[in-house]
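Residue numbers (the numbering used here), protein chains in the order written: chain A, 2 to 166; chain B, 2 to 166.
2 protein chains.
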Amino acid sequence: ESITVQGVTLKEDLAMVSLNAVPNTAGVAAKIFAEIARHHIMVDDIVQNIYDAGRFANLSFSVNAGEAAEARTVCERLMAELGIGGVEIDEGVSKVSAIGVGMRTHTGIASTMFEALARAEVNIENISTSEIVISCIVRREDGPRALRAIHGAFGLDLAPGRAGP
Amino acid sequence: ESITVQGVTLKEDLAMVSLNAVPNTAGVAAKIFAEIARHHIMVDDIVQNIYDAGRFANLSFSVNAGEAAEARTVCERLMAELGIGGVEIDEGVSKVSAIGVGMRTHTGIASTMFEALARAEVNIENISTSEIVISCIVRREDGPRALRAIHGAFGLDLAPGRAGP
Ligand SMILES: C[C@@H](O)[C@H](N)C(=O)O
Ligand SMILES: C[C@@H](O)[C@H](N)C(=O)O
C-alpha cells in the first residue's frame, strides 16, 4: 500500500512510570489501571511486554509530568499488594511520534525513523505503535534533535512552532 | 474531554516476535528493522520497554503468521551480531483493539477494557496504545471471548462477521 508520513510531533511534558516483574496473570492490569483511574491520573500511552517464558511483564505508561509524584505513590502501594518487582519513575523523557496514513505495515517507516534517530545518536527507550502512529520515548534533551532528524528523513518541513533549539 | 469507543476489532493471523536483553544503545533498533525491511517482512505493531536501569530493552513486534519462520531466521542471525539475549516466536496470538475518538487520556478506556478482559479471565500479554487505539495481545483461543467481553463493556453491538464462537 502507499504509505505517507503526514507529520512528526514532539510531546515534552511527560513522565514515564515503569513497573517491572509484574506477575503475568489475568486481572493484574485491570487492578493497576482501576487504581490509576480512581486517582484521576491521566495516562498518555501504555506499553507492555511479557518475558521470562511468560511469567512476568514489564508494564510502562506515560503520564503528564505534573502527575508523576501521585503516580509513584499509587504504584508503590500497588507494588506491595500485587507482588510487583519494582517501580521506577523517569521525569526526563519526551515522546516523538511519526504520524502516517496507510501504515498497515510499519516496516518501512519504522526503519526510516529508527535510522534517522540512530544517525542523530538518539537512543530509543520505549516504542509504541498503532495503525497510524509510531512513537518513540527519548531523553528530553534529545527531543528537538530527534524531531529535526525525523523531519529530515521523511522530507517534511518543520511545522511552525516545532523547530527545536 | 468526551471519549467514545467507536469499535473493537480482532486480528487473528499474527505471530509475535520477542527479543529480550537487547542492548539499549543507539542504533540497535535501526539495524534490526533495516534487516526486517530488507527481507520484506511486514510488521504490524512494535512494543519496546527498557529495564535493568536502562541497560537492556525488551523489543517485541508482530508479523503476519505466514512470515514467522522468516522473521525467526532474520532475528537469530541478528542475535549473534548484536549481542541480543534471546529470540522467541509465538504463533498462537491474536490482537484485540478498542478504537476511540478523543482518547487523549487512556485511563478510563484502559481501565474498562482491562476489567472486561479480567472478568472474562483473558490474560493480557502485550499492550500498545496510540491516541485512538488500545491494543492487547491475547492467546488466539481467547480472542473471540475477549472481543465479546470488550463489546459488552462499552455497550457496543457486535459488528457483522465479528461474532466469535
Ligand atoms: C501483566 C498483566 O497485563 C496481566 N497479564 C493481566 O492480564 O492483567
Ligand atoms: C533497544 C534499542 O531500541 C536501542 N535503544 C536503540 O536506540 O536503537
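All C-beta atoms in this analysis are idealised placements derived from N, C-alpha and C, irrespective of residue type, glycine included.
Residue pairing of E89 of chain A in beta bridges, as defined by DSSP: A:S19.
Here G101 of chain B has I4, T5, V6, Q7, I110 and I133 as same chain residues with Cβ atoms under 7 angstroms from its own Cβ, once five neighbours each way along the sequence are excluded.
Relative to ligand 1, the nearest heavy atom lies less than 7 angstroms away from the CB of V23 of chain A. For P24 of chain B, the beta-bridge partners assigned by DSSP are B:F57. In the structure shown, S95 of chain B adopts extended strand secondary structure according to DSSP, grouped into three states. With the rule of 3 Cβ pairs closer than 8 angstroms, the segment 64-84 of chain B does not count as touching the segment 133-150 of chain A.
Between E126 of chain B and chain A, the shortest Cβ-Cβ separation is below 8 angstroms. Of all residues in the segment 23-34 of chain B, only N25, T26, A27, G28, V29, A30, A31, K32, I33 and F34 place a beta-carbon less than 9 angstroms from a beta-carbon of chain A.
Bridge pairing for R140 of chain A: A:V94 [DSSP]. For L157 of chain A, the secondary structure class from DSSP, reduced to helix, strand or coil, is coil. Contact between the segment 89-97 of chain B and the segment 88-95 of chain A is not established, with fewer than three Cβ pairs separated by less than 8 angstroms.
Taking a C-beta cut-off of 9 angstroms against chain A, the contacting residues of the segment 112-123 of chain B are S112, T113, M114, F115, E116, A117, L118, A119, R120, A121, E122 and V123, listed in chain order.
Distance check between E126 of chain A and each of B:N59, B:K12, B:R39 and B:E13 places B:N59 closest, using alpha-carbon atoms only. By the Cβ neighbour-count rule, E116 of chain B is buried, with 16 or more other Cβ atoms within 10 Å of its own. For D46 of chain A, the chain B residues whose Cβ falls inside 9 angstroms of its Cβ are H107, S129, T130, S131 and E132, in order along the chain. In this structure, DSSP gives E13 of chain B an extended state, which the three-state scheme calls strand. The straight-line gap separating the alpha-carbon atoms of F57 of chain B and I51 of chain B is approximately 6 angstroms. Straight-line measurement puts the Cα of R120 of chain B at about 9 angstroms from the Cα of A27 of chain A.
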